[in-house]
Amino acid sequence: MKWTRRDLLKGLGGLPILGAVWWAGAGSTVHNRRERNEILEQLNIRPSLPPTVPEIGGEAVRVGIIGFGIRGEQLCRALGYATEEWKEETRLEKEEDPNNTAMEDFMKQDKLNVKIVGVCDVFDVRAERAINSFSTPENKVKRYTTYKEMIHSGDVDAVVIATPDHWHAPMSIEALNNNVHVYVEKPMTHTVEETYALREAANQSKAVFQVGHQHRQTLSFSTARDIVEKGTLGHVSLIQTNTNRNDDNGAWNYDIHEKASPQTIDWDQFLGNAPKVPFNKNHFFRWRKWWAYGSGLSGDLLTHDYDRLNCVLNMGIPASVSASGGIYTHNDGRNVPDVIQVNMEFPNYSTGSSQVKGKEKGMTFCYSATLGNGFNRPTILMGHDATMELGNNLTIWPDSASTRYAEMLENEKMKPHIPIYQYNPAANVPDAISSATSQYFADKGLMWTYIDGVRVDSTFLHMREWLSIIKNGGQVSCGIKEGFEEAISAHMAGLSWKLGRKIEWDAEAEKLVPMEGIDFDQVLLANENWEMQNEIISTG
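Following numbering that gives the first Met the number 0, the numbering of the sequence shown begins with 0 at its first residue and continues without gaps.
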């Protein structure tokens with residue numbers, strides 16, 4: 000699907016939060032207030048605002064940025080720091096499209112008590128951009144040549160890690176071991192062994208650790224959690240969630256900077272523990288396409304969908320995972336799949352039942368992804384009594400065979416094809432979305448949420464929570480427990496795709512069920528499937 004800027008003008012906000020919640024069937028199936036109130040009373044759903052956090056007072060939190068690429072810049076804007084280049088680009092976009100509110104949104108964002116004092120990036124151009132944009136006469140941003148130099152400097156209280164995946168755990172562990180607070184992008188780790196090592200470091204550290212799943216601040220997800228807990232859907236047996244992209248940018252073919260060279264990029268430091276290969280611009284700027292640096296669809300995009308459903312259902316790590324797919328849409332040298340189907344099984348999971356005890360138990364989480372088609376497939380939670388469609392909006396349809404709503408369905412107070420509940424926190428205020436990839440994240444509720452009809456950047460709320468807890472104590476919404484569940488589940492999917500076998504989890508022992516002759520981390524890091532198979536044969 001091709002998107003133009005005009006096509007992507009969407010509602011920004013306008014209705015107060017309570018006014019955005021309505022019973023969709025009221026106008027067409029019930030003609031008096033008593034019957035309408037009867038249904039709303041039975042549902043008893045209330046939109047859930049993000050929890051308030053204490054003020055970030057006292058001395059400013061001194062933050063170091065490790066990795067200043069695409070996501071690194073976005074995280075800095077959430078902290079209140081925008082580059083001069085972004086400001087100019089946004090100004091030009093505003094001239095082209097007066098409805099573009101990106102700069103106004105940034106300027107209206109609440110100020111956080113934070114000071115960016117350092118940057119560490121292996122590409123000179125990126126590091127210099129941060130220094131030139133964020134330095135002031137009172138605060139000269141320092142460039143650190145290595146992350147260890149930054150962490151051990153004594154000049155940073157906290158680090159924001161937005162590097163390729165293979166650096167997430169080593170950097171986080173180093174910071175936590177030195178009681179430096181950590182905000183790290185997903186996936187939390189690159190290997191199974193790292194996942195345990197990082198959990199140990201986080202549990203032993205005095206520092207606050209947060210994983211960058213910002214959707215945990217989105218109102219529709221917290222409202223969905225309330226809906227599930229109240230039994231509105233009945234027993235949920237199937238979840239369907241999807242990734243749909245059809246452009247090169249969405250397939251991780253990012254622009255290659257004209258100034259990139261062995262003289263401007265510290266190639267050896269970029270590689271780290273990855274295989275030693277000659278300097279390669281394609282690998283540097285498009286690292287998500289290779290297992291050596293990234294985690295493919297399973298770690299890069301499945302993690303979004305897994306965690307946003309885990310924050311609603313608290314389902315934890317699946318008992319088993321099966322995956323299939325291949326490189327079907329972008330045969331460009333990549334070795335991660337661009338089409339994948341993942342089934343996660345939760346045989347003992349239950350959301351409660353309106354039927355006789357023991358009849359219902361277990362759930363399948365089905366994730367389907369393609370980078371070769373942009374048709375929007377919504378996230379669906381399928382229960383015995385109702386079905387929920389979940390994104391930035393939320394809609395519930397009663398099921399024709401529902402036990403809970405049987406009487407109302409029989410009396411036609413409810414009809415299966417008419418939603419009984421909708422939550423739409425945004426309406427009728429234009430906003431420009433810059434790309435199909437941005438639209439993908441927006442539809443999933445991963446870019447922003449709405450508070451009293453006003454759009455708020457979800458990443459800003461997530462980072463504000465982290466900073467407030469650094470100052471005031473408390474518990475983050477996506478800490479080491481949630482990150483551990485996300486990482487293990489994603490690694491199970493990657494392993495299943497590579498091995499073509501079901502991967503099982505021993506919940507009691509808290510480890511993957513071993514396979515004779517197979518080193519799971521060796522499999523995860525193998526560059527090619529045939530190469531991995533040869534290693535398995537030779538060691539089996």
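By construction, the Cβ of each residue, glycine as well, lies at the ideal position given by its N, Cα and C atoms.
Owing to the predicted nature of the structure, the values given are computational and were not obtained by experimental measurement.
Between residue 78 and residue 113 a beta carbon distance of about 5 Å is seen, short of the 8 Å cut, so the two are scored as contacting. Its Cα nearest to that of residue 117, the residue 148 stands out among 106, 148, 105, 357. The stretch 185 to 198 and the stretch 215 to 229 do not touch, with fewer than 3 CB-CB distances between them shorter than 8 Å. Sequence-distant partners of residue 43 (beyond 5 residues in either direction) whose C-beta falls short of 7 Å from its own C-beta, in its chain, are 229.
A straight line joining the alpha-carbon of residue 216 with that of residue 457 spans about 6 Å.
Under the 8 Å Cβ criterion, the stretch 276 to 296 counts as touching the stretch 331 to 347, having at least three qualifying pairs.
Between residue 305 and residue 129, the C-beta spacing is not below 9 Å. Each residue's CA atom was taken as its position, placing residue 385 and residue 214 some 24 Å apart. When C-alpha distances from residue 192 are compared across 283, 165, 325, 183, the shortest belongs to 165. Taking 8 Å as the upper bound for CB-CB distance, residue 234 and residue 350 are in contact here, some 6 Å apart. If you check the CB distance, residue 240 and residue 485 do not come in under 9 Å.
Following the DSSP letters along the chain, one finds residue 143 in no beta strand (DSSP E), marked with neither H nor E.
Taken atom to atom, the span from the alpha-carbon of residue 259 to that of residue 252 is near 16 Å. Taken atom to atom, the span from the alpha-carbon of residue 377 to that of residue 137 is near 48 Å. By the neighbour-count criterion, in which 16 or more other beta carbons inside 10 Å mark a residue as buried, residue 267 falls on the exposed side. A direct Cα-to-Cα measurement between residue 367 and residue 342 gives close to 9 Å. If you compare the alpha carbons of 153, 210, 317 with that of residue 159, the shortest gap goes to 210. Relative to residue 328, the option among 63, 119, 244 whose CA is nearest is 244. At least 9 Å separates the beta-carbon of residue 465 from that of residue 455. By the C-beta density criterion, residue 473 is exposed, having fewer than 16 other C-beta atoms within 10 angstroms.
By the Cβ rule, the stretch 492 to 511 does not count as touching the stretch 276 to 285, because fewer than three pairs are nearer than 8 Å. Counting along the chain, no beta strand (DSSP E) covers residue 333, and no H or E run does either. Counting only the Cα atoms, residue 373 lies some 23 Å from residue 381.
Taken through DSSP and simplified to helix, strand or coil, residue 359 comes out as coil.
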